[in-house]
Structures are given as structure tokens and as C-alpha cells.
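Chemist: The opening residue of the sequence shown carries number 329 in the working numbering; numbering runs sequentially from there.
In this text, a Cβ means the ideal position worked out from N, Cα and C, and glycines have one as well.
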Amino acid sequence: MVQYEIAKTGRDGPVTCDVPGTAAGGPPLLDVHFEEPAAPHRLASALARQFRALPQPERHLPVFFLVGATSSTGDALGPFIGWFLKRKGFRGEHVGDLADPVHAANLRERLGEAQSRALRRERLPFIIAVDAAVGRPGHITLNRGPLRPGAAMGKALPAVGHLHIMGGVANFPFMIWFTDLDRTVGMAEVIADGLLAFWEAFESGSLFHETPAARRGLA
329 MVQYEIAKTG RDGPVTCDVP GTAAGGPPLL DVHFEEPAAP HRLASALARQ FRALPQPERH
389 LPVFFLVGAT SSTGDALGPF IGWFLKRKGF RGEHVGDLAD PVHAANLRER LGEAQSRALR
449 RERLPFIIAV DAAVGRPGHI TLNRGPLRPG AAMGKALPAV GHLHIMGGVA NFPFMIWFTD
509 LDRTVGMAEV IADGLLAFWE AFESGSLFHE TPAARRGLA
């Protein structure tokens, strides 16, 4: 769980390798409400732009790192995203779902496993971390640099990711325990659809070719 105004703070450095062009800071790369009809496409397009800007993007493998616990309706955003990805036939690399969530106790271990799987495929892992956030309920943001899980709850956990997505689930930390599950699930499906569209463009190779057809897909 991340709190918007302190998302860039923390004592621990990121546990992922540095990738040029993904340094933390600046305004969000995307800020969209999950009920906007074009939200999945806008998220996929924003991710595609960042991925194409990498040096040698074809050497990288997107890995979706979905943080969250199932003990509260708000913090379950990440696990629900993983659940939706599975239901929708996602064939790429993702960590975290309802059956096997990523939480404080296993975060570092699960990240190491994800990185190792990418390297076994002879690709550099490009970690896109996702977590629930306190503040601006219903808003989805894409941000440069790592996610700092647990910031809203005062937990010092490792920073994760080259980019991170936050979904606002409640106005205050104590509200994550009884926030509207319908909003959490709805936002999770929108984010999952955006991640899936981005992955499909990656898998098809259209991300690497500036053709008119590719531009009509993910700008």
C-alpha cells in the first residue's frame, strides 16, 4: 500500500537494476480514472511509450509485479489484478494473485524469482510494479522509478520496479480495511486489461516497429 504524497520516500534503495530513462521523479506519466472508457488503452499506450524508449527494448522482458495482501478489501488490488490476468489467458511473467499474493514477508524472495525467470529466457527483466494507494480513490497513475510498498503504513520495505502503477482505493490508511470492494475489483480489471494489451503488443512484436498499424494500436 502506497500513500501518494510519500511514494518517493524511504530508506532502502531499489532492488532492481537501473534502466536508463526510468529514474523516479516528476509528474505521473499517466493519471486516469478507472471508469473512463479509454483507461485500459491509455495505460497500455503509456507503458508502450516507456518501453519503446528503452535502449535495445527487444532485450528486455516485461514483468508485472503485483503487490498486495488479501486481508483487506483495499490492499487486495494487486492480487485481484493477477487473478484477472490468469482468467484472461495472460501468458507472460507476472508475480502475485489471490492464491499466491506478494506481501511484506516474501517480497524480496518473489522479486528474485521473477528476475531469475526473465534471465533464464535470456532477457533483462523490466519490472512494472503495481500496488494500491491511499489518496484519490479511483485514480490510476503510472510513474517513473520504483514502487515503495508499505509507505502508507510506515513500513520500510525494499523499493521495487523500473516503473510503477498505483491505484487509489481509499482516502485514509485505516479505510483500506473496509473500502468498497466493487471499486477495488473494477479498478483491478481495468489495470489488468491495460497490462494485457501492452503484453500482447510486446508479444506480437508491434512495440518494436513504428508502422501505421502499430501506431493505430498503441500510440
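1. Rounded to the nearest angstrom, what separates Ala448 and Leu524 at their Cα positions?
2. To the nearest angstrom, how far is the alpha carbon of Arg476 from that of Ala487?
3. Just to check, is the beta-carbon of Asn434 closer than 7 Å to a non-hydrogen atom of the ligand PLP?
4. DSSP has Val488 in a bridge; who is on the other side?
5. Name the DSSP beta bridge partners of Gly514, please?
6. Can you tell me whether Arg436 is buried or exposed? The criterion is at least 16 other CB atoms within 10 Å of its CB, across all chains shown.
7. Between the region 463 to 475 and the region 513 to 521, do at least 3 Cβ pairs fall closer than 8 Å?
8. When you compare only the Cα positions, how much space is there between Ala529 and Leu535?
9. Across the region 492 to 508 and the region 427 to 435, are there enough close Cβ pairs to call them in contact, namely three or more that are closer than 8 Å?
10. By alpha-carbon positions, which one of Ala381, Ala457 and Arg451 ends up nearest to Arg438?
11. Please report the straight-line C-alpha distance between Ala366 and Leu358, rounded to a whole angstrom.
12. Between Pro453 and His361, what straight-line distance do the alpha-carbon atoms span, to the nearest angstrom?
13. From Ala404 to Leu382, what distance separates their C-alpha atoms?
Modeler: Looking at the atomic coordinates:
1. The question names Ala, but residue 448 in the sequence shown is Arg. So the alpha carbons of these two residues sit roughly 22 Å apart.
2. 5 Å
3. The ligand content of the structure shown is nil, which means the ligand PLP is not present either.
4. Leu475
5. Paired residues: none, contrary to the question.
6. exposed
7. yes
8. 6 Å
9. no
10. Ala457
11. 12 Å
12. 28 Å
13. 31 Å
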